[in-house]
Amino acid sequence: AKGFDGFGPMSALLRLTPPGYALPAELRLTTHVDGALRQDARVGDMVFDIPTLIAHVSACMTLEPGDLIFTGTPEGVAPLAPGQRVRVTSSGALTLAPVEHGVA
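Set out below in structure tokens:
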């Protein structure tokens with residue numbers, strides 16, 4: 046479902062990191078829908094860490110700089126209705142411009 050037009054809006058800015066940089070486990074991503082907190086999770090809460098995910102994906106396809114790996118979603122998933130606004134933010138070491146996207 047992530048491959049349909051308009052299904053993967055991304056941040057306008059991600060800070061580039063040097064080779065070998067590892068995201069700290071305390072990095073937190075939050076999702077708000079119409080201003081209400083829907084999801085709140087840390088990188089350290091993921092079932093598989095980032096290096097393991099990259100190793101698995103790169104074993105079956107070539108990854109290029111700028112490629113994205115959609116890893117799934119934490120607790121709090123629910124359907125969205127037309128007109129709702131979704132806002133995703135980060136804290137910690139990653140500079141992420143807040144993403145806000147309207148549901149058509």
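In the working numbering, the protein residues as written are 46 to 149. Positions of the beta carbon are idealized from the N, C-alpha and C atoms, including for glycine.
Closest by C-alpha distance to Asp85, out of Ala100, Ile99 and Thr118, is Thr118. Distance check between Leu113 and each of Leu74, His77 and Ile95 places Ile95 closest, using alpha-carbon atoms only. Judged by DSSP in its simplified three-state form, Asp90 adopts helix. Inter-residue distance for Val102 and His77 is about 29 Å (C-alpha atoms, whole angstroms).
If you draw a 10 Å sphere on the C-beta of Arg130, you find fewer than 16 other C-beta atoms in it, and that means exposed. Per DSSP, reduced to three states, the secondary structure at Ala81 is strand.
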